[in-house]
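See structure below.
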Amino acid sequence: MCPTDAHKEARAPPSRAADGPGLVLGPSVALMFIDVQDDFIRGSLAVPGGEALLPLLNALAAAVAAAGGAVAASQDYHPPDHVSFVSSHPGRQPFDTVQVEVGGCSWPIKLFPPHCVAGSPGAEFAEGFDRQHVQHVVRKGRQAGLESFSAFYDMAHTGCTDLADWLRQRGVRTVLVCGVATEYCVGATVLDGLAEGFETVLLTDAVAGVDEVASRGAITEMQRAGATLMRGAELLEMSRAGAAAAEGSSKAAAAGQAQPQAAELRKEQ
Ligand SMILES: [Zn+2]
């Protein structure tokens with residue numbers, strides 16, 4: 001069942017826990033991987049720069065999980081005759097835009113080479129992506145006639161995934177978004193995450209887009225909608241510094257010389 005607007009209004013406003021450098025990893029901060037799949041990393045619709053993200057993505061998953069945060073991942077997961085496939089529209093070219101009917105309305109969609117067909121190797125998580133910390137997988141775009149960029153809803157919001165409920169059940173207030181592609185599924189997920197009431201953070205060095213100009217425009221739109229922009233590398237550095245301070249503090253406490261560095265660090269952030 002999809003959330004209604006009334007449901008959204010009833011929720012508390014998002015916390016400011018993720019106000020740039022003030023973000024502290026913990027159980028209320030989740031990491032969302034968008035479409036880190038073979039076809040988008042090395043396959044039929046490979047996103048430039050996508051493969052280079054993998055080490056950072058893996059490090060982020062380890063850091064978020066170590067702090068007790070939830071880690072989820074989406075997969076584009078289409079039937080072979082999906083409406084977004086150029087092969088479903090004879091005479092059309094990849095990246096053409098066509099109108100499709102959904103729920104009595106006409107929606108523009110972009111056509112792509114066939115990708116992420118359910119059950120095919122291209123739909124699997126990319127080789128080199130360490131999914132050991134992924135606790136929940138959202139498969140989207142499973143209906144032939146519906147495009148679904150966002151990990152929360154299909155394009156026409158006629159249906160939703162279980163992602164928002166899954167996050168809320170874990171007490172998540174802040175969602176860190178990374179993966180591919182910036183101007184498509186990443187952007188749609190960030191905007192829907194904000195609409196769902198989550199403090200939503202785009203990790204700018206942990207995303208890659210198909211088109212540079214369109215990606216920049218999408219990031220501007222996300223920021224205007226309320227998304228926080230942050231570098232994943234910076235988050236990792238802060239996480240390591242916080243852990244080191246906490247370790248130093250506990251060692252000092254064990255030695256009978258309690259020092260408050262960890263608490264002070266968190267307060268400053
Ligand atoms: Zn797709």
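Take the sequence shown: its letter number 254 is residue 254 in UniProt numbering, and every next letter is one higher.
Just so you know, even glycine gets a beta-carbon here, dropped at the ideal spot from N, CA and C.
- Around the Cβ of residue 105, a 10 Å sphere holds fewer than 16 other Cβ atoms; the residue is exposed.
- Excluding five sequence positions before and after residue 191, the CB atoms of its chain that fall closer than 7 Å to its own CB belong to 222 and 225, given in chain order.
- Around the beta carbon of residue 251, fewer than 16 other beta carbons lie within 10 angstroms, which makes this residue exposed.
- Closest by C-alpha distance to residue 227, out of 189, 128, 42 and 67, is 189.
- The beta carbon of residue 84 sits closer than 8 Å to those of 78, 109, 110, 111, 112, 141 and 147, all from its chain and outside the five residues before and after it, given in chain order.
- Take residue 135, set aside five residues on each side of it, and the residues of its chain with a beta-carbon closer than 8 Å to its own are 70, 71 and 72, in chain order.
- Counting along the chain, residue 232 sits inside the alpha helix (DSSP H) bounded by residues 232-254.
- Where residue 62 is concerned, the enclosing alpha helix (DSSP H) starts and stops at 54-66.
- Look at the beta carbons and you see the region 122-134 not touching the region 147-158: under three pairs across the two are nearer than 8 Å.
- The region 174-217 contains, as complete alpha helix (DSSP H) runs of 4+ residues, the segments 187-195 (chain order).
- Counted as a single uninterrupted DSSP element, the beta strand (DSSP E) harbouring residue 76 occupies residues 71-76.
- With distances taken between CA atoms, residue 229 lies nearest to 187 out of 243, 187, 169 and 138.
- By the neighbour-count criterion, in which 16 or more other beta carbons inside 10 Å mark a residue as buried, residue 101 falls on the exposed side.
- Counting only runs of at least 3 residues, the region 80-150 fully encloses the following beta strand (DSSP E) elements, listed from N- to C-terminal order: 97-102, 105-110 and 136-140.
- Residue 228 carries a strand assignment under DSSP once its states are collapsed to helix, strand and coil.
- Taking C-beta atoms as the reference points, residue 176 and residue 30 count as a pair closer than 8 Å.
- Short of 6 Å from the beta carbon of residue 67, and not among the five residues preceding or following it, lie these beta carbons of its own chain, in chain order: 25 and 26.
- For residue 32, the three-state secondary structure derived from DSSP is strand.
- In this structure, ligand 1 has a non-hydrogen atom nearer than 7 Å to the beta-carbon of residue 141.
- In the assembly as shown, residue 213 is an exposed residue. Its beta-carbon has fewer than 16 other beta-carbons within 10 Å.
- The C-alpha of residue 43 is placed about 15 Å away from the C-alpha of residue 94.
- The C-beta distance from residue 81 to residue 115 rounds to 13 Å, too long to fall under 8 Å, and the pair is not in contact.
- Here residue 197 is buried. Its C-beta has 16 or more other C-beta atoms within 10 Å.
- In this structure, residue 200 keeps its C-beta atom at 8 Å or more from the C-beta atom of residue 231.
- Ligand 1 never approaches residue 250 closely enough for any of its heavy atoms to be under 7 Å from the residue's Cβ.
- Annotation for residue 84 indicates a beta carbon within 7 Å of some heavy atom of ligand 1.
- The alpha carbon of residue 182 has as its nearest neighbour, out of 237, 38 and 50, the alpha carbon of 50.
- Taking residue 34 as the centre and dropping the five residues before and after it, the same chain places the C-beta of 74, 179, 185, 186 and 189 closer than 6 Å to its C-beta, in chain order.
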